[in-house]
Amino acid sequence: MRLRDCHNFHDFRKLAKRRLPGPIFNYIDGAADDEVTHRQNTASFERCDLVPNILRGVTTIDMSVTVMGQKLAMPVYCSPTALQRLFHHQGERAVAAAAEKFGTMFGVSSLGTVSLEELRRAHKNPQVYQFYFHKDRGLNRAMMQRAQEAGVEVMMLTVDSITGGNRERDLRTGFSIPFRLTLAGMLQFALKPMWGINYVTHERFRMPQLDAHIDMSGDTMSIARYFTELMDPTMSWDDVAEMVKVWNGKFCLKGVMSVADARRAAEIGCAGIVLSNHGGRQLDGSRAPFDQLAEVVDAVGDRIDVLMDGGVQRGTHVLKALSLGAKAVGVGRFYLFPLAAAGQAGVERALGLMRTEIERDMRLMGVASVSQLSRENLRFR
Ligand SMILES: Cc1cc2nc3c(=O)[nH]c(=O)nc-3n(C[C@H](O)[C@H](O)[C@H](O)COP(=O)(O)O)c2cc1C
3 MRLRDCHNFH DFRKLAKRRL PGPIFNYIDG AADDEVTHRQ NTASFERCDL
53 VPNILRGVTT IDMSVTVMGQ KLAMPVYCSP TALQRLFHHQ GERAVAAAAE
103 KFGTMFGVSS LGTVSLEELR RAHKNPQVYQ FYFHKDRGLN RAMMQRAQEA
153 GVEVMMLTVD SITGGNRERD LRTGFSIPFR LTLAGMLQFA LKPMWGINYV
203 THERFRMPQL DAHIDMSGDT MSIARYFTEL MDPTMSWDDV AEMVKVWNGK
253 FCLKGVMSVA DARRAAEIGC AGIVLSNHGG RQLDGSRAPF DQLAEVVDAV
303 GDRIDVLMDG GVQRGTHVLK ALSLGAKAVG VGRFYLFPLA AAGQAGVERA
353 LGLMRTEIER DMRLMGVASV SQLSRENLRF R
């Protein structure tokens, strides 16, 4: 199987599975507890049907959108994800470059493996910096200042992770940073020697967003401990309101689900919110963002930009979300499997397929621009 044999999400997933050691594949593919929410994220799109209009004379298609002041050539952006150089040695560099080619936004995680400054210098497309809230308020301010000085356009605070999710696949394989593999996990690495050769022959693994502030090397700090010891579970709306003020630019909350929280986000001056359950990796049993979208858009859609992520695998999923009122849609595994399968070429192919699907689907729906999509296009079963 080669990259040119990949025509959809499932093909990329299959190719990634062949190339990655089992523990790394399962870290990307897996989710919390019984992974019910993870499955529901995609299934929720299938409970909703598109109702096309015909004979509308659609010639040119404009799928561009403006979210939080950023003009995107397509309504899909690469949501921030951790540890990308573990999946492919090009890591965040590949994702940022591919996103630039398609004129869309990419997120850099505070658990990223390439520095936000390097990526900001190298690319012109809008960049989001994804951030967690630490107990140490000085550290929060220092990290925000760093992003501001680098010229990051949007600050995105992830609010669904005040503690780590229960990822049982990782417990079985021993996946953690630093690695603490079980014997079975080690065997899985031995079965994929090419991954190991690439890993040791490229730049040393680092987490530059955190390295400057926290010693993440050796045994001193693991990602699990980072979440349990450094995150602040007492984070409140007042804390976030203060951060929005300090940032003094486009600020977005990722992981909002309830209408009440969406209203609070609008009140404290957020430019946007992302309805998200972290790809089902945090609270299993929580509702799919697509199912929750309409009520949140109805409550705050006239005041702030409502985005969503989770389970998006097809152009039709994107059109359904936009029809309900989402301003743009984030993807995670949709670009991570292609990254693992083939680096930048993989991410470009995935985004290219997505763009082609959206364009074709808009034609078939009889709409020439995103603004023509509405709830009239949808029926729930
Ligand atoms: C391997 C992996 C790592 C992730 N790391 C982060 C992260 O560091 N910060 C964050 O806010 N979200 C993170 N996410 C969540 C994504 O940003 C996004 O919300 C989710 O992947 C969307 O679901 P999808 O994968 O079904 O598209 C991660 C997701 C995956 C799959």
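Count along the sequence shown from 1, add 2, and you get the number used in the numbering used here. Built from N, CA and C at the ideal position, the CB exists for glycine as well.
Nearest-angstrom Cα separation, counted from residue j out to residue i
i    : j    : result
R87  : I56  : 46 Å
D213 : G114 : 11 Å
A75  : A152 : 23 Å
C50  : D363 : 15 Å
G109 : R383 : 34 Å
Q42  : V202 : 38 Å
M157 : Y131 : 5 Å
E359 : A328 : 18 Å
T165 : K256 : 15 Å
L309 : A290 : 13 Å
F292 : V331 : 10 Å
H136 : G348 : 34 Å
V248 : R58  : 48 Å
I270 : V372 : 28 Å
D36  : S46  : 17 Å
A192 : K19  : 15 Å
M233 : D217 : 15 Å
A101 : E350 : 8 Å
G287 : F229 : 21 Å
M146 : D172 : 31 Å
P128 : K252 : 12 Å
E244 : E155 : 18 Å
N28  : N142 : 31 Å
L353 : K73  : 17 Å
H40  : N279 : 9 Å
Beta-bridge partners of residue i, as assigned by DSSP
i    : result
L353 : The partner list for L353 (beta bridge, DSSP) is empty, contrary to what the question assumes.
G332 : Y79 and D311
C254 : M158 and G274
S111 : Q132
K73  : T68
D51  : R381
Near ligand 1: residue i beta-carbon under 7 Å from a heavy atom
i    : result
Y79  : no
D311 : yes
R335 : yes
I63  : no
Q132 : yes
S224 : no
Y29  : yes
N43  : yes
G278 : The sequence given here places Ser at residue 278; Gly does not occur at that position. Yes, ligand 1 has a heavy atom inside 7 Å of this Cβ.
T83  : yes
K252 : no
G332 : yes
V110 : no
T318 : no
L113 : yes
L338 : yes
T160 : yes
V314 : yes
K256 : yes
For residue j and residue i, believed in contact at Cβ under 8 Å, the rounded distance
i    : j    : result
G2   : P25  : This structure gives no information on residue 2, because the portion of the chain shown stretches from 3 to 383.
G317 : G281 : About 19 Å separates the two Cβ atoms, so there is no contact after all.
L326 : L285 : Not really, about 22 Å apart at Cβ, beyond 8 Å.
V246 : C272 : 6 Å
Q374 : Q92  : That pair is no contact at about 37 Å.
L121 : A98  : 5 Å
Any non-hydrogen atom of ligand 3 within 7 Å of residue i CB
i    : result
G281 : This structure simply doesn't include ligand 3; it includes ligand 1 instead.
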